[in-house]
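A.B. asks:
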Amino acid sequence: MSAVDFKKSYLRIKEEHGGTYDAEARIGTYGCQFCIGIYFQIGRSKAFCAHIRPRPDGNGVQDITSEAEGARLKRKTIEKLTSHAKENGWSAEDVDKASVVMSEHHPFAKRPGWYVIDGIKEFLGLSPDFQVDTQSQGFVVGKDQSPIKVPFDPRDKEFEDVRIEALKDFVEADAGGDRSWLCQDW
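To convert, take the position in the sequence shown, counting from 1, and add 42; that gives this note's numbering.
1) Looking at residue 57: is its Cβ nearer than 7 Å to the Cβ of residue 120?
2) Is DSSP giving residue 113 helix, strand or coil here?
3) So, is residue 124 buried or exposed, given that buried needs 16 or more other C-beta atoms within 10 angstroms?
4) What first and last residue would you give for the alpha helix (DSSP H) that runs through residue 165?
5) Which residues mark the beginning and the end of the beta strand (DSSP E) in which residue 176 is found?
6) So for residue 136, helix, strand or coil by DSSP?
7) Go through its chain and collect everything with a Cβ distance to residue 95's Cβ below 6 Å, but skip five positions before and after it.
8) Assign residue 127 to one of three DSSP states: helix, strand, or coil.
9) How about residue 181 and residue 141: do their beta carbons lie closer than 7 Å?
10) Ordered along the chain, which non-local residues of its own chain (more than five positions away) have a Cβ less than 6 Å from that of residue 62?
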C-alpha cells in the first residue's frame, strides 16, 4: 500500500461533530440533507468546520411548529457559537467573511436548519440575504482553495455515487472534534 498523499487527503467532519481546526488542513463534510455543513477561516491560523444536526424534538427531523420555537433554535445557535469561539480564542470579528461556506438542502420548506443558518448569519454579522448553497450536500475546502462541492442528487438516496465522483481524488481521514453540534444538547 502506498503512502497517503496528504495534498489530497482531507478531514471529514462527521454528523454532530465540529470545532476549531488548523487552517492549513483540508476539511469538509457531506451528507447534509437536513443538517448544516459550515466552514469559515478565522484569521490566518484557524478554521471552523461543523456538521450541525438540528433536532428540536430529539427524535429526528421535524418542521418548526412555531416562530417561537424557531427563534429559540436561532438563539441557541448564536449562544453555542459564541461559547465555542470564546473557549477557542476567537470571535466573529476574526472570521474571514469571504470564506464562509454553508450547505443545507430543502430550499423550499422552512426546516429547523434554516433557523440554525439564521443564527450563524447573525453571529457572523452576515446579511440575511447571504446566499446558502441548496444544491450541495457537502464540501471539501482548504486554505487558499475554492470549495469543492458535493452535489445533491435526489435520485441517489445513499449519495455514495455522487460523493465518490465529486471527491474521487481525495482520501478521507475522519476528524473527531467536539460531538456537541446537535440541537437537543443545546
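Think of the CB as a built atom: it goes at the ideal place given N, C-alpha and C, for glycine as much as any other residue.
From a predicted model like this one, the values you see are computed outputs, not experimental measurements.
C.D. replies: Result, derived from the coordinates:
1) Contact: no.
2) Helix.
3) The residue in question, residue 124, is exposed, as its Cβ has fewer than 16 Cβ neighbours within 10 Å.
4) First-last of the alpha helix (DSSP H) with residue 165: 154 to 166.
5) In the DSSP assignment, residue 176 falls outside any beta strand (DSSP E) and carries neither an H nor an E.
6) In the three-state DSSP reduction, residue 136 falls in the helix class (H, G or I).
7) In the same chain as residue 95, and ignoring 5 residues on each side of it, the C-beta atoms closer than 6 Å to its own belong to 57, 58, 77, 224, in chain order.
8) Residue 127 falls in the helix class under three-state DSSP.
9) Not closer than 7 Å, so no.
10) Same-chain partners within the cutoff: 88, 90, 130.
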